[in-house]
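Colleague:
In the working numbering, the protein residues as written are 80 to 267.
#1: Helix, strand or coil for residue 196 per DSSP?
#2: Take residue 213 as the anchor and find which of 185, 259, 246 has the nearest alpha-carbon.
#3: Is it true that the CB of residue 223 sits closer than 7 Å to the CB of residue 249?
#4: Using 10 angstroms around the beta-carbon of residue 182, count the other beta-carbons present and answer buried if the total reaches 16, otherwise exposed.
#5: Among 124, 187, 180, which residue has its Cα nearest to the Cα of residue 156?
#6: Do you know whose CA, among 114, 190, 197, 215, lies nearest residue 207's CA?
#7: Determine the DSSP secondary structure at residue 212, reduced to helix, strand or coil.
#8: With DSSP as the reference, label residue 247 as helix, strand or coil.
#9: Just verifying my parser: in three-state terms, what is the DSSP assignment at residue 188?
#10: Near residue 108, which residues of its chain fall below 6 Å by C-beta distance, leaving aside the five closest residues on each side in sequence?
#11: Check residue 230 in the structure and name its three-state DSSP category.
#12: In chain order, what residues of the same chain lie with their CB nearer than 7 Å to the CB of residue 121, ignoring the 5 residues before and after it?
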């Protein structure tokens with residue numbers, strides 16, 4: 080009996096030790112920069128997040144995230160991919176702001192982020208299909224480019240280009256370049 084207990088205890092200690100040595104997965108975070116080859120007003124501008132949307136043209140301080148002011152990349156939205164889903168970085172254990180595409184909406188309104196602990200905002204929102212091309216480091220949703228459409232205040236909302244653009248709106252198609260980042264901002 081004592082030998083059996085000793086064997087069981089030794090096995091348990093060995094499995095706990097091995098589990099303690101297993102490295103935890105780390106998240107590769109990145110920022111996004113608009114790249115438009117037509118030299119539009121959005122070219123080389125940082126993409127920021129605010130009010131469940133992505134924006135080009137937001138000024139520093141308007142993003143509405145908790146940012147480390149000592150980080151050079153603060154005030155840029157920080158993103159990461161998990162499998163083929165896109166999230167705003169909110170810390171290793173607290174990233175619930177997920178991106179989804181609602182193809183029933185016009186392109187400048189079709190991309191939003193939402194708290195995924197509450198479920199999808201509606202049944203038309205698609206969350207799977209994000210990828211980064213390893214050669215160009217461009218982020219895309221099912222190989223569709225992004226689109227930025229101007230609002231009355233001069234800012235641009237960001238969506239996914241699906242050929243559903245209001246002809247009376249000034250919009251620019253662009254690629255989203257990923258730039259590696261140490262997390263400077265956390266979405267809440």
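Glycine included, each C-beta is placed from N, C-alpha and C at the ideal position.
Modeller: Working from what's here:
#1: helix
#2: 259
#3: no
#4: exposed
#5: 124
#6: 190
#7: coil
#8: coil
#9: helix
#10: 157, 159, 168, 260, 262
#11: coil
#12: 113, 115, 135, 227, 235, 251, 253
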